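Participant: Before we start, here is the structure in question, set down as structure tokens.
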Amino acid sequence: MSAMKDDWKRAIRAWNAYPAHEETIDVPALQRLLEAQNRIYSHLGSQGEEFLELMRLASPHESYDPELESMAARYDSHASEGALAHAITYGPLALRDPHGLFQTRTHEFVHAIHCHTLAPFQAIPGNHHSPVILSPADACLLMELAERAAFTIERLFKLKHKMALRPNAEVSAMEYGFLHSPDITIPQHAASYLENIALGHDNYTGLMYYRDMALDIYQADILRREQTSTAYPPVIARLSAADILATGHLLGLDLFAPQPFIPAYSTDSLPVTNQQDMKLQHLENWIGITRQQDLPTLAEALSDLGYTEEGYLREQQKLQKRGRPYTVKDQIKGFRL
Numbered sequence: 170m171s172a173m174k175d176d177w178k179r180a181i182r183a184w185n186a187y188p189a190h191e192e193t194i195d196v197p198a199l200q201r202l203l204e205a206q207n208r209i210y211s212h213l214g215s216q217g218e219e220f221l222e223l224m225r226l227a228s229p230h231e232s233y234d235p236e237l238e239s240m241a242a243r244y245d246s247h248a249s250e251g252a253l254a255h256a257i258t259y260g261p262l263a264l265r266d267p268h269g270l271f272q273t274r275t276h277e278f279v280h281a282i283h284c285h286t287l288a289p290f291q292a293i294p295g296n297h298h299s300p301v302i303l304s305p306a307d308a309c310l311l312m313e314l315a316e317r318a319a320f321t322i323e324r325l326f327k328l329k330h331k332m333a334l335r336p337n338a339e340v341s342a343m344e345y346g347f348l349h350s351p352d353i354t355i356p357q358h359a360a361s362y363l364e365n366i367a368l369g370h371d372n373y374t375g376l377m378y379y380r381d382m383a384l385d386i387y388q389a390d391i392l393r394r395e396q397t398s399t400a401y402p403p404v405i406a407r408l409s410a411a412d413i414l415a416t417g418h419l420l421g422l423d424l425f426a427p428q429p430f431i432p433a434y435s436t437d438s439l440p441v442t443n444q445q446d447m448k449l450q451h452l453e454n455w456i457g458i459t460r461q462q463d464l465p466t467l468a469e470a471l472s473d474l475g476y477t478e479e480g481y482l483r484e485q486q487k488l489q490k491r492g493r494p495y496t497v498k499d500q501i502k503g504f505r506l
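Add 169 to the 1-based position in the sequence shown for our numbering, that's all there is to it.
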């Protein structure tokens, strides 16, 4: 306990020392701050140690942008010209207090870990390296799953951190369930959290927000891919049940495993508003989808191109460093692992 409190004091001192209010970006001070935050996970049991190891393996670039004012932080899996960025950018909102930074980093690192370890997160239109991309409906579902997982793991470590600092602290009913019946309570939280976020008008929920975001990003990325990329026209694929389950398999938890009273996650419930329905149909017509159910799964599409999912993931990580798109010439040369 004393070691945990000592490391948290170091994290607070590092946070106090970081000049977030200034326009200049102090890289060494930011590095000290993030390293101090990292030590906290090692005090949060086996799940904390496992998450810290996953953070180290994913190893996204982390930076601070004083002009990022609309959100606390942002994870970018890809950047301009189709090059994967794999970067977390923190804004001033993330550094308002050390507790908030800890929660924000946990959330954004779940996204980075997903992109580093799971093939579907590379199969997006914005990744011009990829010869396969997910359909618009599946891209929406993938973003939804990613956010459900990130918010749930953020909540889990917020609770673990709270109990490590104050073992006798009062807990809510949800927190009690996290501690004493995690296999039931944590998937229930994942299944309901986005629906319970109210964003201020006309019953607009977090689920609606992220589905709108996914459709808007998909449209922008498809347009950019067509206008600027020399990439080979991609195969369109869908998520399998195994892909969905893998997105929720974190830290010994199965966030999206079948549960009583929780509908199975699928594209069948997409979209949730008439406007989203129109956007989705427009995108499907644009890229030539006639029947969603006739699409190959991602694994099937990759197999037809000579990939395993592991080989595809390794290649995308290499192309990420090379910073160029997948081309027809690569298809002819057999540029695959």
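We put the CB at the ideal spot given by N, CA and C, even for glycine. On a predicted model such as this, the values are computed, not experimentally measured, just so you know.
Report all residues from its chain with a CB closer than 7 Å to the CB of P440; omit the five preceding and five following residues, and keep chain order.
Facilitator: So the list reads R380, D446 and L449, once near-sequence residues are dropped.
Participant: For I405 and I302, which I take to be in contact (beta-carbon distance under 8 Å), what is that distance rounded to the nearest angstrom?
Facilitator: Rounded, the Cβ-Cβ distance is 6 Å, consistent with contact.
Participant: Cα separation between R208 and L223?
Facilitator: Rounded to the nearest angstrom, the two C-alpha atoms are 14 Å apart.
Participant: Is there contact between the segment 324-343 and the segment 285-305, where contact requires at least three CB pairs shorter than 8 Å?
Facilitator: Counting Cβ pairs under 8 Å, fewer than three are found: no touch.
Participant: Beta carbon of Q206, beta carbon of A180: below 8 Å?
Facilitator: Cβ distance < 8 Å, so Q206 and A180 count as in contact.
Participant: Going by Cα to Cα distance, which pick from L452, R335 and T354 is closest to Y387?
Facilitator: The residue with the shortest Cα to Cα distance from Y387 is L452.
Participant: Please state if the CB of T273 and the CB of F326 are separated by a distance shorter than 8 Å.
Facilitator: Their beta carbons are not under 8 Å apart, which means F326 does not touch T273 by this criterion.
Participant: Rounded to whole angstroms, what's the CA-CA distance from E456 to D371? Just pull it up for me.
Facilitator: Per the sequence shown, the amino acid found at residue 456 is Ile instead of Glu. Between I456 and D371, the C-alpha separation is close to 32 Å.
Participant: Considering R274, what are the terminal residues of the alpha helix (DSSP H) in which it resides?
Facilitator: Run containing R274: P267 to T286, per the alpha helix (DSSP H) assignment.
Participant: Taking Cβ positions, are A148 and H255 nearer each other than 8 Å?
Facilitator: Any property of residue 148 remains undetermined from this structure, which presents the chain solely from 170 to 506.
Participant: Along the chain, where does the alpha helix (DSSP H) containing R393 start, and where does it finish?
Facilitator: That run of the alpha helix (DSSP H) goes G375 to T397.
Participant: Just reading off the alpha helix (DSSP H) that T354 is part of, what are its end residues?
Facilitator: Run containing T354: P351 to N365, per the alpha helix (DSSP H) assignment.
Participant: In the DSSP assignment, the beta strand (DSSP E) including Y233 goes from what residue to what residue?
Facilitator: Residues H230 to Y233.
Participant: From the DSSP output, in three-state form, read off I209 for me.
Facilitator: If DSSP states are grouped into helix, strand and coil, I209 belongs with the helices.
Participant: Which whole-angstrom value describes the C-beta separation of L474 and L408, a residue pair presumed to lie in contact below a C-beta threshold of 8 Å?
Facilitator: Contact flag wrong, Cβ pair sits at about 17 Å.
Participant: Return the chain-ordered list of same chain residues with a C-beta closer than 7 Å to the C-beta of Y378, the five sequence neighbours on each side being excluded.
Facilitator: The answer, listed in chain order, is L368.
Participant: Using the C-alpha atoms, what's the distance from P356 back to R317?
Facilitator: Distance between the alpha carbons of R317 and P356: 9 Å.
Participant: Which partner residues of H451 appear in the DSSP bridge assignment?
Facilitator: DSSP lists no partner for H451.
Participant: My output table needs one value for D245: the three-state DSSP class, helix, strand or coil.
Facilitator: DSSP places D245 in strand when its eight states are reduced to three.
Participant: H212: which of L334, A308, L424 and R225 sits nearest, CA to CA?
Facilitator: H212 has its Cα closest to that of L334, out of L334, A308, L424 and R225.
Participant: Going by DSSP, what residue range makes up the alpha helix (DSSP H) through T321?
Facilitator: Unbroken alpha helix (DSSP H) run through T321: P305 to L334.
Participant: Could you spell out where the beta strand (DSSP E) holding A406 opens and where it closes?
Facilitator: It spans V404 to A406 - the beta strand (DSSP E) in which A406 sits, taken as one unbroken run.
Participant: So for L420, helix, strand or coil by DSSP?
Facilitator: Residue state, collapsed to three classes: coil.
Participant: Between which residues of its own chain and T374 is the CB-CB distance below 8 Å, once the five residues before and five after are set aside?
Facilitator: Taken in chain order, the residues that qualify are L363, E364, N365, I366, A367 and L368.
Participant: Opposite A415 in the DSSP bridges: which residues?
Facilitator: DSSP, once it has assigned bridges, lists no residue as partnering A415.
Participant: According to DSSP, is T436 helix, strand or coil?
Facilitator: Helix, per DSSP.
Participant: Around the Cβ of H349, are there at least 16 other Cβ atoms within 10 angstroms (buried) or fewer (exposed)?
Facilitator: Exposed, by the Cβ-count rule.
Participant: Assuming contact is defined by CB atoms lying nearer than 8 Å, are S299 and Q485 in contact in what I supplied?
Facilitator: Yes, Cβ-Cβ distance for S299 and Q485 is below 8 Å.
Participant: Pick from P432, S246 and H418: whose alpha carbon is nearest that of S361?
Facilitator: Residue P432 is the option with its Cα nearest to S361.
Participant: Please return the same chain residues whose Cβ sits closer than 6 Å to the Cβ of L262, not counting the five positions on each side in sequence.
Facilitator: These residues qualify, in order along the chain: A241.
Participant: Can you tell me where the alpha helix (DSSP H) with I181 in it begins and where it stops?
Facilitator: Segment S171 to A186, the alpha helix (DSSP H) holding I181.
Participant: Please say whether L202 and A227 have beta carbons closer to each other than 8 Å?
Facilitator: Taking 8 Å as the Cβ cut-off, A227 and L202 do not qualify as a contacting pair.
Participant: Under DSSP, the alpha helix (DSSP H) around A338 begins and ends at which residues?
Facilitator: Looking at the DSSP string, A338 is not in any alpha helix (DSSP H), and its letter there is neither H nor E.
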